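This report refers to the structure that appears directly beneath it.
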Amino acid sequence: MGYKTLAAAVADLEKTRQLRVVDVEIDARLEAAAIQRRVYQSGGPAILFRRVKGTAFPMLANLFGTDARTRFLFRDTLDAVRKLVELKVKPPAALRNPFRYAGVPFTALHLLPKRVRSGPILAHRTSLSALPQLVSWPRDGGPFITLPQVYTEDPDKPGLAKSNLGMYRVQLAGNQYETDREVGLHYQIHRGIGVHHARAIARNERLRVNIFVGGPPAMTVAAVMPLPEGLPELSFAGALAGHRIAMVTPADPANALPIPAEADFAICGTIDPNQTKPEGPFGDHLGYYSLIHEFPYLKVDAVYHRPGAIWPFTSVGRPPQEDTSFGNLIHELTGPLVPTVLPGVKAVHAVDAAGVHPLLLAIGSERYVPYATKRTPQELLTQGNAILGQGQMSLAKYLFIIAEQDAPELDIHDIAGFVKHVLERVDWSNDLHFQTRTTIDTLDYSGTGLNSGSKVVIATAGPKRRELATEMPANVHLPEGFSRPRIALPGVLAIEAPTFGRASRERFVRFDEANIPDSIPLVVLVDDAEFASANLRNWLWVTFTRSNPAADIDGFKASIDDKHWGCAGPLVIDARIKPHHAWPLEDDPEIERRVDALAAPGGPLHGVY
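Going by my numbering, the sequence shown opens with residue 961, and the numbers climb by one from there.
This is the structure in structure tokens:
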């Protein structure tokens, strides 16, 4: 039941023809990641690179590259985990159907990690420079670990019960890090490690950190699960793996934190409570680089690896990428919990194509005044505030929330249908609710500074107000310099605007004279209207990664009533690239030619992508 090691998972994938072994030398700098992205986009197999330039360790790509393969890896345990979730949502279910939940006590036994005296992970020691030096994008500041499991314990209450396992960015070299002595540790806002770090700072002591790579695949998934604070990820890993996670503590007293006995690699060290160093740049999941900023760093005491260690990796970039499969699995397992955590909320969907955190869709309910003849958003606003106060969902910039009563059949994953539902009903004078000078995703550079920006809740309830245009209406008069209007979605007009600057922003208000009809309730200003309107994925990415609601939303005949901003006509979102935005990710042409050659007839990757 489940895999105890990464090698066991690799062997199973090879046996079932879901893995391709590559024996030609591959460069960990740019080439390996470019291959991974190609293979992922084509829905290809996992790839094991046996010969990697500059390292003795093989590298594994695309392990979680499809939803089907991800489910295959956990085929023996997913049903048991679902049943645990069901009992959390509806505890009496076990009484009504005891045979269905007969195996749950055995699954619950796997929640408790176990301590062991020895393990394969402690068999060998190595150096940071001997590890695979993966560089994913041309402007990356150095090699990074892209599937790390970062483990810490609460300095006030040490032990497995108060531990945190998270996937935070780890830079192995570059910038001002001492070679083979230091690694950068970039963790984003609202992450569990931050609580432990804050307590270490309060105690004026170093925070001990262990970074794991590989091991049971369940450990990697557990590191990205948005679990409630206080629920150890190691427990979830045990349930998903189908066995208790064995943890071993090195004999060296300097390395006091435990390590998974079956991990492939472990980097052990400490964070000084009062020191940071520049980290980055790094190509990230919004489709842009995150830039150089001061972050904590790890003073490394030891690097361990098991016999036959395999280095798993991925490449992040503009969605969808391999982390999309993580997101799909997370939603499958945690989606039923949403109503138990957020009363009245039926479903929440973080839109992957928009960079995950920039855009949330939610279905709520309007139960406060069922007798009302004219419904407006009321309970939805309470639910919207609750969503934006919940963990990583608090990083969202845009939240669209609708009432279940208006469309009981609407699937929250039907993004085009959801946007259409909103635009058919929205009243821009009433339904916009801003939060200014607040937190947004650390990786989002559309705001006013690191972690700093704004949010808007767009809440709609009630009957349809308008029919949406699906063709360009006649007699629309654009201001000078604005051109190439395109219908991106029903009711959504993308307009190519001048390069962003003070002068072009002043021309914003002249749209009051554009004669845009009510059938187009949303206008988006873009740099390339053809690209932004080509498909739903492009429109989502451009609109929601390149705008900061409080700064970049305007509207026709805008007004403020008792400090509530609204407008009478279409809403306008300025989604042009601004001078303070980070650089979009672009492939290296020479690397792309080499990757093309590997897939040519007779090449080692022919037929894979």
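All C-beta atoms in this analysis are idealised placements derived from N, C-alpha and C, irrespective of residue type, glycine included.
Remember, it's a predicted structure, so these values are computed and weren't measured experimentally.
Item                                                                                                                 : Value
Close Cβ partners of Asn1411 (< 7 Å) along its chain, the five nearest in sequence each way excluded                 : Ile1149, Thr1399, Ile1400 and Thr1402
The alpha helix (DSSP H) enclosing Ala1314, as first and last residue numbers                                        : Segment: none, Ala1314 is in no alpha helix (DSSP H) and carries neither H nor E.
Selected residue, minimal CA-CA separation from Ala1158, among Ile1205, Asp1232 and Asn1390                          : Asp1232
The segment 1358-1374 in contact with the segment 1413-1422 per 3-pair CB rule at 8 Å                                : yes
Length of the line joining the Cα atoms of Ala1197 and Ala1221                                                       : 14 Å
Val1208 beta carbon less than 9 Å from that of Phe1034                                                               : no
Coarse secondary structure for Val1416, derived from DSSP in three states                                            : strand
Three-way DSSP call (helix, strand, coil) for Gln1109 in this model                                                  : strand
Where Ser1443 falls, given that 16 or more other Cβ within 10 Å makes a residue buried                               : exposed
Distance, His1265 Cα to Ala967 Cα                                                                                    : 13 Å
Extent of the continuous alpha helix (DSSP H) run through Lys1030                                                    : In the sequence as presented, Lys is not what sits at residue 1030; that position holds Thr. Segment Asp1027 to Leu1033, the alpha helix (DSSP H) holding Thr1030.
The segment 994-1006 in contact with the segment 1131-1145 per 3-pair CB rule at 8 Å                                 : no
Residue from Ile1347, Phe1273, Gln978 and Leu990 whose Cα sits closest to the Cα of Asp1548                          : Leu990
Residue(s) in a DSSP beta bridge with Ser1275                                                                        : According to DSSP, Ser1275 bridges with nothing at all.
Cβ neighbours of Gln1136 in the same chain (closer than 7 Å, five flanking residues each side left out)              : Lys1237 and Pro1238
Contacting residues, own chain, Cβ-Cβ under 7 Å from Asp987 (five flanking each side not counted)                    : Lys1013
DSSP three-state assignment for Tyr1249, whether helix, strand or coil                                               : strand
Per-residue DSSP class, three states only, for Ser1519                                                               : strand
Selection from Glu1113, Val1308, Thr1230 and Ala1178 that minimises the alpha carbon distance to Asn1124             : Glu1113
Alpha-carbon spacing of Glu1427 relative to Glu1384, whole angstroms                                                 : 6 Å
Beta-carbon proximity of Ala1006 to Gln978, cut-off 9 Å                                                              : yes
CB of Phe1516 within 9 Å of CB of Ala1448, strictly                                                                  : no
Distance, Arg1168 Cα to Val1606 Cα                                                                                   : For residue 1606 there is no data in the structure shown, the boundaries of the chain being 961 and 1569.
Beta-bridge pairing of Lys1074 - partner residues as DSSP gives them                                                 : Ala1206
Nonlocal neighbours in the same chain, by C-beta distance under 6 Å from Tyr1111, ignoring five residues either side : Leu1125 and Asn1170
Cα-Cα separation, Arg1151 to Pro1186                                                                                 : 9 Å
Assigned exposure category for Gln1001 - 16 Cβ within 10 Å defines buried                                            : exposed
Local conformation of Val944 per DSSP, three classes                                                                 : This structure cannot settle anything about residue 944, because the visible part of the chain is limited to 961 through 1569.
Top-ranked residue by Cα proximity to Pro1118, from Asp1404, Pro1192 and Ala1211                                     : Pro1192
Counted within 10 angstroms of its Cβ, other Cβ atoms place Thr1505 as buried (16 or more) or exposed                : buried
Top-ranked residue by Cα proximity to Phe1273, from Leu1320, Arg1077, Phe1024 and Thr1030                            : Phe1024
Residue burial classification, Gly1174 (beta-carbon count within 10 angstroms, cutoff 16)                            : buried
Enclosing beta strand (DSSP E) for Phe1360 [first to last residue]                                                   : Tyr1358 to Ala1363
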